Amino acid sequence: MDSLRGRVGVVTGGASGIGRALAEAFAREGARVVVADLDEAGMAEVVGPIRSRGGEALAVRTDVTDLASVQALAGRAFDAFGRVHVLCNNAGVALWGGLETATHRDWQWVLGVNLWGVIHGLEAFLPRMIAQKEPGHIVNTASMAGLVATRGLGIYNASKYAVVGLSETLAKDLKPYAIGVSVLCPMGVSTRIRASERNRPAHLRNDRPSQAEPVELMGRSLAPETVAEMVLQAIFRNALYVITHDEGLEPLRRRFERMEQAIRQRKP
Ligand SMILES: NC(=O)c1ccc[n+]([C@@H]2O[C@H](COP(=O)([O-])OP(=O)(O)OC[C@H]3O[C@@H](n4cnc5c(N)ncnc54)[C@H](O)[C@@H]3O)[C@@H](O)[C@H]2O)c1
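Each number in the numbering used here corresponds to the 1-based position in the sequence shown with 974 added.
What follows is the structure in structure tokens.
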């Protein structure tokens, strides 16, 4: 897809951080945008300025863990704009703590948002995106934590590795339909991700709050706007991987080298 002018983009987790920057970037490129999030006040801060600059933007309260809610989002988006060209499955939460102390609720919450949120996005939007027979693109937000494991981030790692794998297959599956796929794998980005607990629903809160501190992220912290620009370029070039940090190269190389060694040193 070489331009977003007149096209329609949907961004989950669009009230804050990377999602907000994506929605703003799409609007600047002339797209009509649908912002989906739990945070209604945050969404109003995104769609208000877009509209006052003459753009078209819709905010739809959505819980990506709930298929019916994401299907309702798709209904609103197609009703309002008739088409959806770019879908960003971006809503996510992070949770720190060793796997040996993880609770069932921790797993349910993080996989519910980070993995099932992406699956629900595909279930609700993909059939209609295929049927409309126009160029399209899907952006799934994973993380460098979906490519390299970090101690103390096990549940998050599991969710993001799944999103990377799903996206890699999706890119192959959607080739015949002219729908591109990108998987966004950032390291540190200056957002509210460290305050993810604000989004944990009451029924998935732990009886005793975890004492785990956020793991220090390696490398620089990028502005969400910088990341959004990289995503735009990936949409235009139909690039599968959006790896935002040069600092990611060494850990990736080491992981691959360990795998290579495992094959070379194997007996028999
Ligand atoms: N910030 C980083 O350093 C970083 C690094 C790698 C990947 N990521 C990923 O980027 C994505 C965006 O996160 P961010 O950094 O902008 O954080 P953020 O907390 O600023 O934004 C996340 C948004 O997701 C929304 N959200 C959470 N649960 C939701 C749900 N159930 N339904 C709908 N919306 C929900 C939140 O309300 C929030 O607006 C996430 O998938 C995150 O895992 C972030």
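Yeah, the Cβ is synthetic: ideal placement off N, Cα and C, and Gly gets one too.
Quick caveat, the model's predicted, so the values are computed rather than measured.
Item to complete: Please classify Asn1064: does DSSP put it in a helix, a strand, or coil?
Response: coil
Worksheet entry | Ser1133 beta carbon less than 7 Å from that of Leu1085 | Cβ distance < 7 Å, so Leu1085 and Ser1133 count as in contact.
Worksheet item: In this structure, does DSSP put Leu1069 in helix, strand or coil?
Response: coil
Worksheet item: Where does Ser1156 sit, in a helix, a strand or coil, going by DSSP?
Response: strand
Item to complete: Look at Arg1194 and Val1122 and say whether their C-beta atoms are less than 7 Å apart.
Response: With respect to Val1122, Arg1194 sits apart: the two C-beta atoms are not nearer than 7 Å.
Practice prompt. Over the uninterrupted alpha helix (DSSP H) stretch that includes Thr1143, give me the two end residues.
Written response: 1128 to 1148 is the span of the alpha helix (DSSP H), which, as asked, contains Thr1143.
Discussion item. Taking DSSP's pairing of strands, which residues face Gly983 in a bridge?
Written reply: Val1007, Val1060
Practice prompt. Buried or exposed for Leu1223, please, with buried defined as at least 16 other CB atoms from any protein chain shown within 10 angstroms of its CB.
Written response: exposed
Worksheet item: Hey, Asn1114 and Val1157 are a contact pair by Cβ (cut 8 Å); roughly how many whole angstroms apart?
Response: 5 Å
Worksheet item: Among Glu1108, Lys1241, Ile1217, Leu1196, which residue has its Cα nearest to the Cα of Ala995?
Response: Leu1196
Worksheet item: Would the C-beta of Gly1128 count as close to ligand 1, meaning under 6 Å from any of its heavy atoms?
Response: no
Item to complete: Kindly indicate which three-state DSSP category Leu1226 falls into: helix, strand or coil?
Response: Note: Leu1226 maps to helix in three-state DSSP.
Discussion item. Taking the beta carbon of Glu1142 as the centre, do at least 16 other beta carbons fall within 10 Å, making it buried, or is it exposed?
Written reply: exposed
Worksheet item: Sorry if obvious, but does the Cβ on Asp1053 come closer than 6 Å to a heavy atom of ligand 1?
Response: no
Worksheet item: At a cut-off of 6 Å, is Ile1093 close to ligand 1 when judged by its beta-carbon and the heavy atoms of the ligand?
Response: no
Worksheet entry | Through-space distance from Arg1240 to Phe1099, alpha-carbon basis | 44 Å
Worksheet item: Which stretch, first to last residue, makes up the alpha helix (DSSP H) that contains Asn1088?
Response: 1078 to 1088
Discussion item. Would you say the beta carbon of Ser1133 is closer than 6 Å to some non-hydrogen atom of ligand 1?
Written reply: Result no, Cβ not under 6 Å from ligand 1.
Practice prompt. Check Arg1238 in the structure and name its three-state DSSP category.
Written response: Assigned with DSSP and collapsed to three states, Arg1238 falls in helix.
Discussion item. Taking the straight line between their C-alpha atoms, what separation do you get for Ile1129 and Trp1081?
Written reply: 6 Å
Worksheet item: Counting only runs that start and end within the stretch 1164 to 1217, where is the beta strand (DSSP E) found for 3 or more residues in a row?
Response: 1215 to 1217
Discussion item. If you follow the alpha helix (DSSP H) that Ala999 is in, where does it begin and where does it stop?
Written reply: 991 to 1002
Worksheet item: What separation, rounded to the nearest whole angstrom, lies between the Cα atoms of Arg1179 and Arg1238?
Response: 46 Å
Item to complete: Flag Thr1165 as yes when its Cβ comes closer than 6 Å to any non-hydrogen atom of ligand 2, and as no otherwise.
Response: With respect to ligand 2, the structure offers nothing, as its ligand set consists of ligand 1.
Fill in: 7 Å CB neighbourhood of Ala1145 in its chain, flanking five on each side removed
Val1155, Leu1214
Worksheet item: Under the three-state reduction of DSSP, which class applies to Thr1036: helix, strand or coil?
Response: Shown here, Thr1036 sits in coil according to DSSP, grouped into three states, outside any helix or strand.
Item to complete: Run the proximity test for Gly1072: is its beta-carbon closer than 6 Å to any non-hydrogen atom belonging to ligand 1?
Response: no
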